[in-house]
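The structure under discussion appears below in the form of structure tokens.
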Amino acid sequence: MPTVDDILEHVGEFRFFQKQMFFLLSLLSVLFAPVYVGIVFLAFTPDHRCLSPGVAELSQRCGWSLAEELNWTVPGPGPAGDAFPRQCRRYEVDWNQSGLGCVDPLAGLAANGSQLPVGPCQHGWVYDAPGSSIVTEFNLVCANSWMLDLFQSAVNLGFFIGSVGIGYTADRFGRKLCLLATILINATSGVLMAVSPTYTWMLIFRLIQGLVSKAGWLIGYILITEFVGLSHRKTVGILYQMAFTVGLLVLAGVAYAIPDWRWLQLTVTLPSFCFLLYYWCVPESPRWLISQNKNAKAVKVIKHIAKKNGTSLPAALQSLQPDEEVGEKLNPSFLDLVRTPQIRKHTLILMYNWFTSSVLYQGLIMHMGLAGSNIYLDFFYSALVEFPAALIIILTVDRIGRRYPWAAANIVAGAACLASVFTPKDLHWLQLTVACLGRMGVTVAYEMVCLVNAELYPTFIRNLGVLVCSSMCDVGGIIVPFLVYRLTDIWHELPLVVFAVVGLVAGGLVLLLPETKGKTLPETIDEVENMQRPRKNKEKMIYLQVKKLDIPLN
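Heads up: the sequence shown begins at 1 in full-length UniProt numbering, then just goes up one per residue.
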């Protein structure tokens with residue numbers, strides 16, 4: 001009996017229907033970008049200082065400029081190791097007293113400003129930026145800065161839990177139903193987050209959004225790869241991820257036009273409700289229907305595909321079977337991922353590379369938000385380099401292979417992070433160039449680990465291997481906000497040093513993996529264990545066959 005791939009060769013592997021589905025499902029990828037990295041704009045932290053009652057009135061009476069007001073009323077740099085004293089400390093002075101003059105008003109209180117008592121901010125902060133962010137509205141600075149880390153970690157925790165559960169739910173209840181459920185919950189929680197009255201409610205809705213948003217993105221990826229033919233699956237997968245890059249570019253423009261975080265959140269969330277129309281536009285996956293023994297419904301979907309593509313389904317191909325024949329059933333377990341030497345090595349290296357890719361990708365974006373330059377242009381330019389990164393993958397994976405471009409990408413990302421530490425701050429163009437180079441490297445590495453992960457495991461533990469290894473991506477996402485925001489308190493460039501180390505180590509570890517270019521997916525554990533030495537065995541086999549064939553001819 002024919003498989004779905006056999007039928008798609010007749011009705012069209014990537015024709016009108018598949019192109020239409022690719023466009024519709026790619027919109028999911030576009031709107032996933034604000035959830036994944038929207039913290040850069042939603043939680044932008046501007047320059048700030050303690051709000052001291054009476055300072056504004058004194059400044060107005062004396063006609064001070066902003067620079068003069070800061071010079072007379074805000075403490076200077078504190079002792080070494082005291083992070084941002086000007087932003088988190090204030091003079092414990094009653095600025096409403098009448099004896100303060102307009103020239104060095106503190107001179108009468110102490111011979112030296114450093115002798116004046118300094119304490120934490122008690123009346124809030126003044127922020128030097130137009131618009132608003134969750135940082136300025138909920139005062140997530142100084143002693144409360146950890147709450148900003150928790151905000152981004154919550155969405156990554158949601159990614160982790162949601163991704164673990166999506167495999168079961170999509171296989172149990174179908175791709176389409178699961179997709180529509182995640183769309184509805186994601187859109188609703190995004191709107192509720194935008195109108196949340198307190199930080200706690202905002203955090204809860206952010207967590208819920210994380211639970212379903214990445215799951216919906218993954219279901220879209222699964223659907224589009226199941227609709228197209230085998231020869232187009234890799235390219236479509238890469239293009240689906242490029243749609244995410246389009247979302248980054250759109251996000252930069254929308255954030256520039258809407259500086260208020262609540263309106264920005266609403267603007268990037270409300271279009272998601274339109275995806276509920278997919279109930280009438282996107283059919284269920286025929287591959288899933290066949291796996292559930294719903295062959296009649298699968299044939300109906302395939303006939304719909306053929307009609308959209310302007311072809312017909314031959315009667316001889318209307319008897320369907322799953323793509324993989326059911327043989328001896330093997331029950332996978334987590335121990336299978338570490339039981340044998342080569343698979344254990346693959347698991348550990350892939351887990352580390354998933355973790356590294358997430359830390360570098362999200363970390364570089366978050367660190368950019370702290371750079372203090374034009375965040376909108378920097379974000380836009382660094383997102384643009386993801387297009388040539390995808391082109392590099394398409395051009396190299398079937399020509400050069402997977403391993404060397406993947407290792408080189410990690411090394412380039414790590415080296416760029418290290419170079420950024422020593423790049424002069426007054427050469428902004430050079431800083432931006434190095435940052436874009438690092439972003440390109442980590443984008444290639446990120447997309448490459450997605451591609452290679454499934455190629456390094458045998459069939460019966462392939463899904464489990466991808467699930468376990470890729471979960472480290474979300475673990476990295478949980479850690480990276482604390483890594484970026486807390487290390488910058490010690491030294492602004494310290495996160496880049498950490499990124500450089502983990503990137504360079506990842507590049508070296510990739511070279512320990514076998515090359516998978518031109519190889520069929522392994523079916524058994526023995527095939528994986530022998531992936532490093534197939535050529536030698538094959539040459540010996542051919543040599544023996546030639547010798548045996550030559551003997552009867554004499």
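Glycine included, every Cβ here is placed at the ideal spot set by N, Cα and C.
Pull up the CB-CB distance for residue i and residue j, whole angstroms please, since I reckon it's below 8 Å.
{"i": "Q87", "j": "V40", "result": "About 20 Å separates the two Cβ atoms, so there is no contact after all."}
{"i": "V228", "j": "F44", "result": "Not quite, the Cβ-Cβ distance comes to about 39 Å (not below 8 Å), so this is no contact."}
{"i": "A300", "j": "G401", "result": "Before going on, a small fix: residue 300 reads as Lys here, not Ala. Not quite, the Cβ-Cβ distance comes to about 42 Å (not below 8 Å), so this is no contact."}
{"i": "P105", "j": "Y91", "result": "About 10 Å; that fails the 8 Å criterion."}
{"i": "V468", "j": "F334", "result": "7 Å"}
{"i": "V155", "j": "V35", "result": "7 Å"}
{"i": "V497", "j": "V421", "result": "6 Å"}
{"i": "L248", "j": "V37", "result": "7 Å"}
The alpha helix (DSSP H) that contains residue i, what's its start and end?
{"i": "residue 593", "result": "With the chain covering 1 to 554 only, the question about residue 593 has no answer from this structure."}
{"i": "P286", "result": "286-291"}
{"i": "Y278", "result": "278-281"}
{"i": "R175", "result": "175-194"}
{"i": "V528", "result": "525-529"}
{"i": "residue 555", "result": "There is no way to answer for residue 555, as the model of the chain reaches only from 1 to 554."}
{"i": "R89", "result": "Looking at the DSSP string, R89 is not in any alpha helix (DSSP H); the run it does join, the beta strand (DSSP E), is 89-91."}
{"i": "F44", "result": "Looking at the DSSP string, F44 is not in any alpha helix (DSSP H), and its letter there is neither H nor E."}
{"i": "N144", "result": "Premise fails: N144 is in no alpha helix (DSSP H) and is neither H nor E."}
{"i": "Y221", "result": "199-227"}
{"i": "I375", "result": "375-384"}
{"i": "C102", "result": "Neither: C102 is in no alpha helix (DSSP H) and is coded neither H nor E."}
Here's a check: name, in chain order, each residue in its chain whose Cβ is nearer than 7 Å to the Cβ of residue i, leaving out the five neighbours to either side.
{"i": "H304", "result": "P283"}
{"i": "V11", "result": "I302, I305, A306, N309, T311, L313"}
{"i": "G124", "result": "L51, N139"}
{"i": "P130", "result": "P259"}
{"i": "L218", "result": "S163, I166"}
{"i": "I183", "result": "G216, S272, F275, L276"}
{"i": "A255", "result": "F41, L264, Y376"}
{"i": "I394", "result": "T235, I238"}
Alpha carbon to alpha carbon, how far is residue j from residue i? Give it in angstroms, no decimals.
{"i": "P481", "j": "V164", "result": "22 Å"}
{"i": "D260", "j": "S132", "result": "5 Å"}
{"i": "G476", "j": "K307", "result": "45 Å"}
{"i": "N530", "j": "V338", "result": "16 Å"}
{"i": "Q18", "j": "L239", "result": "13 Å"}
{"i": "Q20", "j": "T235", "result": "16 Å"}
{"i": "E515", "j": "I478", "result": "31 Å"}
{"i": "L266", "j": "A194", "result": "6 Å"}
{"i": "E289", "j": "T347", "result": "Per the sequence presented here, residue 289 reads as Leu, with Glu not at that position. Spanning the two alpha carbons is a distance of roughly 31 Å."}
{"i": "L25", "j": "V246", "result": "13 Å"}
{"i": "D5", "j": "H232", "result": "11 Å"}
{"i": "V412", "j": "P46", "result": "31 Å"}
{"i": "K345", "j": "F499", "result": "23 Å"}
{"i": "L203", "j": "F380", "result": "27 Å"}
{"i": "I490", "j": "L509", "result": "30 Å"}
{"i": "K176", "j": "T225", "result": "14 Å"}
{"i": "S29", "j": "E57", "result": "50 Å"}
{"i": "Q122", "j": "A252", "result": "35 Å"}
{"i": "S471", "j": "C281", "result": "31 Å"}
{"i": "L427", "j": "D171", "result": "52 Å"}
{"i": "G507", "j": "R486", "result": "26 Å"}
{"i": "T396", "j": "G174", "result": "35 Å"}
{"i": "S285", "j": "G465", "result": "23 Å"}
{"i": "E325", "j": "N293", "result": "Note that E325 scores 48 on pLDDT, short of 50, meaning its location in the model is unreliable and no value can be drawn from it."}
{"i": "L432", "j": "K425", "result": "10 Å"}
{"i": "I392", "j": "T73", "result": "54 Å"}
{"i": "Y352", "j": "P458", "result": "20 Å"}
{"i": "A407", "j": "A445", "result": "8 Å"}
Take residue i and list the residues in its own chain whose beta-carbon comes closer than 8 Å to its own, dropping the five residues that flank it on each side.
{"i": "V484", "result": "G363, M366, H367, L370, P495"}
{"i": "V385", "result": "C436, L437, R439, M440, T443"}
{"i": "K329", "result": "For K329, the predicted model reports a pLDDT of 47, less than 50, meaning its position is unreliable and no value from the coordinates is stated."}
{"i": "F387", "result": "M242, T245"}
{"i": "F205", "result": "S189, G190, L192, M193, S196"}
Does the ligand NAD have a heavy atom nearer than 6 Å to the CB of residue i?
{"i": "M366", "result": "The model on display carries no ligand, and the ligand NAD is accordingly not part of it."}
Leaving out five residues before and five after residue i in sequence, what residues of the same chain have Cβ atoms less than 6 Å from its Cβ?
{"i": "N537", "result": "Low local confidence applies: a pLDDT of 41 at N537 is under 50, so the model's placement there is unreliable, and no value is given."}
{"i": "G54", "result": "W95, N96"}
{"i": "F159", "result": "G210, K214, D474"}
{"i": "M242", "result": "A390"}
{"i": "P79", "result": "Confidence in P79 is poor, its pLDDT being 48 and thus under 50, which makes the residue's placement unreliable; the coordinate value appears in the next sentence. The answer is none, since no qualifying residue turns up."}
{"i": "D336", "result": "I461"}
{"i": "G119", "result": "E92"}
What residue range does the beta strand (DSSP E) around residue i cover?
{"i": "G119", "result": "118-120"}
{"i": "W125", "result": "125-127"}
The stretch 412-424 touching the stretch 488-508, judged by at least three CB pairs closer than 8 Å:
yes
Can at least three beta-carbon pairs, one atom from the stretch 150-158 and one from the stretch 276-290, be found at a separation below 8 Å?
no
**Prompt:** Just checking, does the stretch 182-195 make contact with the stretch 207-221 on the three C-beta pairs under 8 Å criterion?
**Reply:** yes
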